[in-house]
Amino acid sequence: MKILVTGGAGYIGSHTCVELLQAGHEVVIADNFYNADRAVPSRIEKVAGKPVTAVYPIDVADKAALNQVFDEHQIDGVIHFAGLKAVGESVQIPLRYYRNNLDTTLTLLEVMEAHGCNKFVFSSSATVYGPNNKAPFTEDMPTSATNPYGWTKVMIEQILRDYCAAKPAFSAVLLRYFNPIGAHPSGLLGDDPNGIPNNLMPYVARVAAGQLPKLTVFGDDYDTPDGTCLRDYLHVVDLAKGHLSALEYANEHTGAEAFNLGTGNGTSVLELIHAFMKENHIDVPYVIGPRRDGDLPGFWANADKANRVLGWKAELDVNDMCRDAWTFIQTPKD
Ligand code: UFG
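So that you can map any letter, position 19 of the sequence shown is 19 in our numbering, and since no number is skipped, the others follow by simple counting.
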């Protein structure tokens with residue numbers, strides 16, 4: 001199939017492009033490079049050993065530009081990653097988050113409709129389970145959010161369900177990611193945020209590499225076994241493979257369907273830091289600091305549905321994630 005990957009130069013998008021190419025699909029990337037390096041598409045080609053069909057450096061909310069992509073390529077399906085994703089920032093600039101994340105999705109759906117394209121895989125998040133459900137999360141739980149970023153995911157899921165109800169030929173797969181970390185084992189693709197990282201693993205890797213002095217653990221007084229928060233960390237390569245399974249599912253079904261992509265295991269912040277130090281034989285200096293606003297004590301996936309229906313299961317463990325994140329930060333890129 002010829003797949004349009006929006007945000008295909010980003011962290012999860014780039015790994016998914018590699019898996020698509022290796023599985024024999026054609027890949028067209030649309031990415032405005034707001035949070036991605038211009039060199040990523042060529043790294044994708046190097047890792048996959050195959051060319052990307054086309055790269056459009058466009059904003060997906062630009063309807064004319066997006067129409068041109070669909071005019072120039074017979075797109076069979078879309079995987080939609082493009083979007084703003086920083087929780088804290090979304091609280092500061094909510095309008096930008098709502099405008100960007102909703103506009104890109106609505107524009108895509110309109111342009112897909114005009115071109116008769118009806119397979120859609122959406123990059124959703126475990127954040128849609130909100131603060132009130134009890135882990136492990138299952139797909140039938142009610143959704144809500146605690147910040148504008150999370151609400152954009154909840155809203156887009158609703159838009160997709162409404163659209164599927166109105167368009168019986170349309171298929172939307174809503175992939176609810178837990179905490180993707182790690183990198184491609186080649187060291188060429190990984191999580192490389194601009195500025196100081198918000199997320200735990202890129203922060204740990206930069207401290208280990210001496211680029212930042214020390215890590216602050218946000219709170220050790222939670223009601224968890226070691227007092228630090230529990231998350232369901234998942235290797236980005238496993239996550240990327242989940243998109244392939246989702247695409248196959250979209251090809252054979254219609255309607256909107258949500259799937260958790262996680263391992264089903266909770267790992268604490270301290271466990272992750274110690275796994276990183278042990279796996280890579282390197283010190284990660286850290287201090288315990290106050291809790292971060294908005295953090296939930298612990299959540300992890302029930303991933304049975306993805307396993308049963310998509311035939312997908314995470315195969316890599318926390319040690320693999322730590323090793324590959326470390327390889328990534330040490331690897332010269334070009
Ligand atoms: N943490 C630290 N120190 C840091 C960074 C993080 O102790 O410097 C802790 C956090 O407090 C949290 C854990 O590490 O307990 C994981 O934090 P991340 O920021 O890596 O991930 P979150 O679980 O907060 O958020 C992630 C995604 C969101 C998504 C959410 C729910 O970044 O986009 O999972 O799926 F919404």
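All residues carry an ideal CB built from backbone N, CA and C; glycine is no exception.
At a cut-off of 7 Å, the beta-carbon of L200 counts as near the ligand UFG: some heavy atom of the ligand is closer than that. Here the alpha carbon of C117 sits roughly 8 Å from the alpha carbon of V111. Annotation: V236 to I79 spans about 16 Å, alpha carbon to alpha carbon. Using a cutoff of 7 Å, the CB of C322 does not count as near the ligand UFG, since none of the ligand's heavy atoms is closer than that. By the Cβ criterion, the region 45 to 52 is in contact with the region 18 to 37, since at least three pairs of Cβ atoms, one from each stretch, lie closer than 8 Å. Between N147 and M141, the CB-CB gap reaches or exceeds 8 Å.
In this chain, F33 is not harboured by any alpha helix (DSSP H), its DSSP state being neither H nor E. Taking the Cα positions, H281 is about 14 Å away from V207. Counting only residues of its own chain and dropping the five nearest sequence neighbours on each side, V60 has a CB closer than 7 Å to the CB of T6, A30, L66, A82, T104, T107 and L108. Within the chosen limit of 7 Å, the ligand UFG does not reach the beta carbon of R206 with any heavy atom. Going by DSSP, Y286 is part of the beta strand (DSSP E) stretching over Y286 to G289. Of the residues W312, L188, C17 and N251, the one whose Cα lies closest to the Cα of Q330 is L188. In this structure, V69 keeps its C-beta atom at 8 Å or more from the C-beta atom of I44. Residue environment for A209: exposed (fewer than 16 other C-beta atoms within 10 angstroms of its C-beta).
At least one heavy atom of the ligand UFG sits closer than 7 Å to the Cβ of D295. The shortest CA-to-CA distance from K153 to any of D238, N35, R99 and S14 is the one to R99.
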